[in-house]
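Student: What follows is a structure written as structure tokens; I'll ask about it next.
Residue numbers (the numbering used here): 153 to 435.
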């Protein structure tokens with residue numbers, strides 16, 4: 153769930169300008185309803201979690217948005233020229249550092265509520281995971297390998313064209329080739345989802361049963377977050393690292409295939425994000 157909170161922020165940053173302003177301002181409310189769907193907060197927990205999320209947003213606006221703005225500024229400049237895979241991986245690492253900082257602060261703010269979760273709520277969380285997995289199965293695991301690849305290609309094409317504008321036939325073919333050569337599979341993706349979910353559930357049960365202190369709780373859950381990106385099994389970790397390297401190379405190759413007009417469009421989009429973040433930072 154912690155990863156989803158970070159992705160919610162990232163998603164807003166990757167949408168249109170109005171979505172950044174409106175969505176960020178409403179982020180505590182959106183986050184509350186999203187978390188409540190997973191945990192079904194009690195009346196006594198509701199007020200505390202809402203206050204924690206408002207405090208988290210206030211901290212994020214003051215401490216993190218300036219760093220996001222700097223990252224976007226550098227990306228806008230870089231987007232006008234060719235880029236290397238190591239440049240993409242460097243940006244990813246910086247984004248990961250920001251995500252780590254956000255999760256640490258989120259755990260600090262919401263820890264008391266997490267410690268108060270009941271067995272009923274953990275059962276609710278497990279059932280909700282099951283329903284979400286069914287949705288994921290329908291979206292990514294159903295159909296032949298060709299049908300799955302077609303759905304993935306459609307999603308990727310929509311995202312790239314929203315950012316760069318209309319793609320050429322050769323660019324679409326490049327995306328298809330990259331996906332066909334990827335070692336990621338929906339089966340492995342589902343396996344990792346379930347591993348992450350069970351890891352979180354087991355850790356929450358441990359917190360509930362052992363009455364851990366706040367620092368211990370934060371350390372246990374931050375370790376869960378880290379294991380989502382660094383799986384404990386050697387074969388999974390090797391694949392994650394390989395996929396990350398491959399993703400950096402793929403993005404660099406695609407960007408380097410774009411025209412000057414497409415790069416100008418991407419830079420304009422990034423500069424519009426920068427303006428919105430600067431506006432959100434104003435007192």
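Beta carbons are placed, not taken as given, at the ideal position from N, Cα and C, and that holds for glycine.
In this text the structure is predicted, and so the values were computed from the model without any measurement.
Could you tell me the alpha carbon to alpha carbon distance between residue 206 and residue 270, rounded to whole angstroms?
Tutor: Using only the alpha carbons, I get a separation of about 23 Å.
Student: Can you tell me the Cα-Cα spacing of residue 294 and residue 430, whole angstroms?
Tutor: Between residue 294 and residue 430, the C-alpha separation is close to 43 Å.
Student: Give the DSSP-derived three-state secondary structure of residue 402 in the structure shown.
Tutor: Three-state result, residue 402: helix.
Student: With a threshold of 16 other CB atoms inside 10 Å of the CB of residue 413, please say whether the residue is buried or exposed.
Tutor: Label assigned to residue 413: exposed.
Student: Curious, which full-length alpha helix (DSSP H) runs of at least 4 residues does the stretch 293-332 contain?
Tutor: DSSP runs (the alpha helix (DSSP H)) wholly in the stretch 293-332: 297-316.
Student: List the endpoints of the continuous alpha helix (DSSP H) containing residue 193.
Tutor: First-last for residue 193: undefined, no H or E at that position.
Student: Got a sec, what are the start and stop residues for the alpha helix (DSSP H) residue 289 sits in?
Tutor: Segment: none, residue 289 is in no alpha helix (DSSP H) and carries neither H nor E.
Student: Measuring alpha carbon to alpha carbon, tell me which of 376, 428, 338 and 281 ends up nearest residue 186.
Tutor: Considering only alpha carbons, the answer is 281.
Student: Comparing C-alpha positions only, which one of 368, 260 and 321 sits nearest to residue 122?
Tutor: Lying outside 153 to 435, the shown extent of the chain, residue 122 is not represented and no answer is given.
Student: Where does residue 417 sit, in a helix, a strand or coil, going by DSSP?
Tutor: Of the three classes helix, strand and coil, the one that applies to residue 417 here is helix, per DSSP.
Student: By the DSSP assignment, the alpha helix (DSSP H) with residue 218 in it spans what residues?
Tutor: First-last of the alpha helix (DSSP H) with residue 218: 217-230.
Student: So what does DSSP say about residue 233, is it helix, strand or coil?
Tutor: Three-state result, residue 233: coil.
Student: Helix or strand or just coil, what does DSSP make of residue 387?
Tutor: Helix at residue 387.
Student: Given a cut-off of 8 Å, decide if residue 419 and residue 243 are closer than it, judged by their beta-carbon atoms.
Tutor: Contact: no.
Student: If we ignore side chains and look at the alpha-carbon of each, how far apart do residue 364 and residue 297 end up?
Tutor: Each residue's Cα considered, the two are about 46 Å apart.
Student: Would you say residue 239 and residue 228 are within 8 Å of each other, going by their C-beta atoms?
Tutor: No. Outside cutoff.
Student: Would you call the stretch 335-350 and the stretch 206-220 in contact, with 3 or more CB pairs under 8 Å?
Tutor: These segments do not touch.
Student: CB-CB under 7 Å to residue 415, same chain, minus the five flanking residues each way: which ones, in chain order?
Tutor: The answer, listed in chain order, is 231 and 232.
Student: What whole-angstrom Cβ distance do residue 258 and residue 223 have, given they're in contact under 8 Å?
Tutor: Actually they are not in contact, since the Cβ atoms of residue 258 and residue 223 sit about 20 Å apart, beyond 8 Å.
Student: By how many angstroms is the C-alpha of residue 322 removed from the C-alpha of residue 422?
Tutor: Whole-angstrom Cα-Cα distance: 25 Å.
Student: Leaving aside the five residues before and after residue 267 along the sequence, list all residues of the same chain whose C-beta is less than 7 Å from its C-beta, in chain order.
Tutor: Correct list, in chain order: 359 and 369.
Student: Between which residues of its own chain and residue 193 is the CB-CB distance below 7 Å, once the five residues before and five after are set aside?
Tutor: Only 201 meet the Cβ criterion.
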